[in-house]
């Protein structure tokens, strides 16, 4: 349907709605077996306005906003910036010319376009509705289908896969076994234990288990509003440009790993709206879809753990989240991610038993065995370019760990050896770990009684 036809229909029916009209179309729980077969068709290049699944009025607004920003543009530059085929942009430009919004500025053999006076006025009106200027969005139902088709639950995690992807790490086997089983479930995971036992580090390494790439749209359309999803701070583009999707509204990215901690607030879990730029942005958990979301330092946030879990009861159990826009539109999105929590506090002091039961796996991270600690120490020494013989490590254990009852925490090798390396560079010493250097490192690292 062209823009002019859409305008005619809008004039016949100008009613508005506060909710997405057909929620059955927007169910976030379509079965992965059903949606996986649809992912290829979703990535097909749209050749008509109808094939985009978007209102032509929204696409027209995007075209004139891009022209407003670029001032003078070619068909190629508009196609590249809006991420739609040139022939489709050409149809929209033809309609805009009929509306007297766009003029030809052909000073060369290549056609160039700019806005007329009335076109600029229309663009300014469009900016008041939405300040978004970027790639064309995909419809909400297409986003839902794509997320479900790319669920991590489609990957079977085995002990062999965990061993392969986390080779060389020094985690205790029981913790890895429990984590592997948890990744096959649909349940959230709580890691708890002393500071320095590797809780956060293990969580950050889990993205290696799902080391494939996914397709994600730059933005999503909901009830004629655009929500910006892509965030370059957490979404990393694939380096394999040959695998780019035919529909360039999608980008191929690595499965996201998003980490948040004490800075998390409940507002960050809702759609945000920039009143200055008139721009909607996706919340944290939506950006983490098809990836891993780690909430570090549970219990250190401004809100209570109970308030956080109350917000996430439905998403954690039903794998769908309910969000809303400032105009009152309510809609549903998939909650398809690996949800991890970590804390240094006693879980029983954070929330009651009812909440703890909803966390399907509770994994305690303990200090390393002496054997694991020695292996980690040697690996870190090598990474730092330091030589350390076993007798020197024996010295550290017998003179410090045992007398002071210090457990073999995974953080110690990195922290102590970094001080040793600093000392060798400052004093122009050979890169060899000695008992004397360890004496100094231990003294500088640990706080002594005053």
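Numbering (our numbering), first residue to last: 3 to 452.
For each residue, glycine too, the CB sits at the ideal point set by N, CA and C.
It should be emphasised that the depicted structure is a prediction, and the values quoted were computed from it without experimental measurement.
Give me the Cβ distance between residue i and residue j, rounded to the nearest whole Å; I'm assuming they're in contact under 8 Å.
{"i": "residue 258", "j": "residue 290", "result": "5 Å"}
{"i": "residue 433", "j": "residue 388", "result": "5 Å"}
{"i": "residue 378", "j": "residue 172", "result": "4 Å"}
{"i": "residue 208", "j": "residue 221", "result": "Not a contact, Cβ separation roughly 28 Å."}
{"i": "residue 137", "j": "residue 251", "result": "5 Å"}
{"i": "residue 352", "j": "residue 412", "result": "23 Å between Cβ atoms; not a contact."}
{"i": "residue 219", "j": "residue 140", "result": "4 Å"}
So if DSSP puts residue i in a beta bridge, which residue, or which two residues, is it bridged to?
{"i": "residue 341", "result": "295"}
{"i": "residue 195", "result": "367"}
{"i": "residue 116", "result": "105"}
{"i": "residue 259", "result": "294"}
{"i": "residue 239", "result": "255"}
{"i": "residue 278", "result": "According to DSSP, residue 278 bridges with nothing at all."}
{"i": "residue 140", "result": "222"}
{"i": "residue 54", "result": "Note: residue 54 sits in no beta bridge, so no partner."}
{"i": "residue 76", "result": "114"}
{"i": "residue 245", "result": "Note: residue 245 sits in no beta bridge, so no partner."}
{"i": "residue 217", "result": "254"}
{"i": "residue 229", "result": "222 and 282"}
{"i": "residue 389", "result": "434"}
Figure out for me which residue from the options has the closest Cα to the Cα of residue i.
{"i": "residue 328", "options": "105, 122, 131 and 315", "result": "131"}
{"i": "residue 71", "options": "126, 108 and 61", "result": "126"}
{"i": "residue 178", "options": "301, 153, 195 and 204", "result": "204"}
{"i": "residue 442", "options": "163, 344, 398 and 282", "result": "398"}
{"i": "residue 402", "options": "373, 311, 438 and 426", "result": "438"}
{"i": "residue 215", "options": "162, 153 and 46", "result": "153"}
{"i": "residue 119", "options": "159, 250 and 69", "result": "69"}
{"i": "residue 47", "options": "413, 444, 85 and 278", "result": "85"}
{"i": "residue 293", "options": "142, 59, 185 and 108", "result": "185"}
{"i": "residue 49", "options": "406, 409, 248 and 274", "result": "248"}
{"i": "residue 416", "options": "368, 260, 81 and 383", "result": "383"}
{"i": "residue 284", "options": "234, 307, 209 and 449", "result": "234"}
{"i": "residue 196", "options": "139, 299 and 170", "result": "299"}
{"i": "residue 325", "options": "342, 347, 272 and 315", "result": "272"}
{"i": "residue 332", "options": "101, 75, 142 and 106", "result": "142"}
{"i": "residue 457", "options": "100, 380 and 371", "result": "Any property of residue 457 remains undetermined from this structure, which presents the chain solely from 3 to 452."}
{"i": "residue 146", "options": "338, 260, 241 and 75", "result": "338"}
{"i": "residue 176", "options": "366, 200, 428 and 219", "result": "366"}
{"i": "residue 107", "options": "116, 101 and 100", "result": "116"}
{"i": "residue 199", "options": "444, 73, 345 and 448", "result": "345"}
{"i": "residue 262", "options": "236, 245 and 275", "result": "236"}
{"i": "residue 400", "options": "347, 245, 440 and 144", "result": "440"}
{"i": "residue 287", "options": "260, 170 and 277", "result": "260"}
Which residues in the same chain have their Cβ closer than 6 Å to the Cβ of residue i, if we skip the five residues on either side of it in sequence?
{"i": "residue 361", "result": "190 and 192"}
{"i": "residue 374", "result": "172"}
{"i": "residue 446", "result": "421"}
{"i": "residue 354", "result": "none"}
{"i": "residue 133", "result": "279, 280 and 281"}
{"i": "residue 25", "result": "For residue 25, the predicted model reports a pLDDT of 32, less than 50, meaning its position is unreliable and no value from the coordinates is stated."}
{"i": "residue 435", "result": "388, 390, 394 and 422"}
{"i": "residue 342", "result": "191, 205 and 296"}
{"i": "residue 56", "result": "223"}
{"i": "residue 431", "result": "none"}
{"i": "residue 74", "result": "107, 114 and 116"}
Ordered along the chain, which non-local residues of its own chain (more than five positions away) have a Cβ less than 8 Å from that of residue i?
{"i": "residue 31", "result": "Because the pLDDT at residue 31 is just 42, under 50, the model does not fix this residue reliably, and the point stays unresolved."}
{"i": "residue 423", "result": "386, 387, 388 and 433"}
{"i": "residue 98", "result": "5, 62, 65, 66, 104 and 121"}
{"i": "residue 268", "result": "305, 309, 310 and 313"}
{"i": "residue 187", "result": "362 and 363"}
{"i": "residue 129", "result": "67, 70 and 280"}
{"i": "residue 33", "result": "Confidence in residue 33 is poor, its pLDDT being 44 and thus under 50, which makes the residue's placement unreliable; the coordinate value appears in the next sentence. Excluding sequence neighbours, residue 33 sits near 150."}
So does residue i have its beta carbon nearer than 8 Å to some heavy atom of the ligand ADP?
{"i": "residue 371", "result": "The ligand ADP is not part of this structure, which contains no ligands at all."}
Please work out which residues of its chain come closer than 7 Å, Cβ to Cβ, to residue i, disregarding the five sequence neighbours upstream and downstream, and give them in chain order.
{"i": "residue 455", "result": "What is shown of the chain runs 3 to 452, which leaves residue 455 out entirely."}
{"i": "residue 159", "result": "182, 185, 186 and 211"}
{"i": "residue 60", "result": "223 and 226"}
{"i": "residue 77", "result": "88, 91, 92 and 113"}
{"i": "residue 80", "result": "65, 68 and 91"}
{"i": "residue 135", "result": "67, 68 and 71"}
{"i": "residue 238", "result": "255 and 256"}
{"i": "residue 264", "result": "299, 302 and 303"}
{"i": "residue 124", "result": "66 and 103"}
{"i": "residue 83", "result": "68"}
For residue i, decide whether its Cβ has a neighbour in chain C, counting only Cβ atoms nearer than 9 Å.
{"i": "residue 307", "result": "Structure shown: chain C not included; a single protein chain is present."}
Note down, one range per segment and in chain order, each alpha helix (DSSP H) of at least 4 residues found wholly within the segment 413-444.
413-428
Which runs of the beta strand (DSSP E) fall wholly inside the segment 155-199 and span at least 3 residues, in chain order?
191-195
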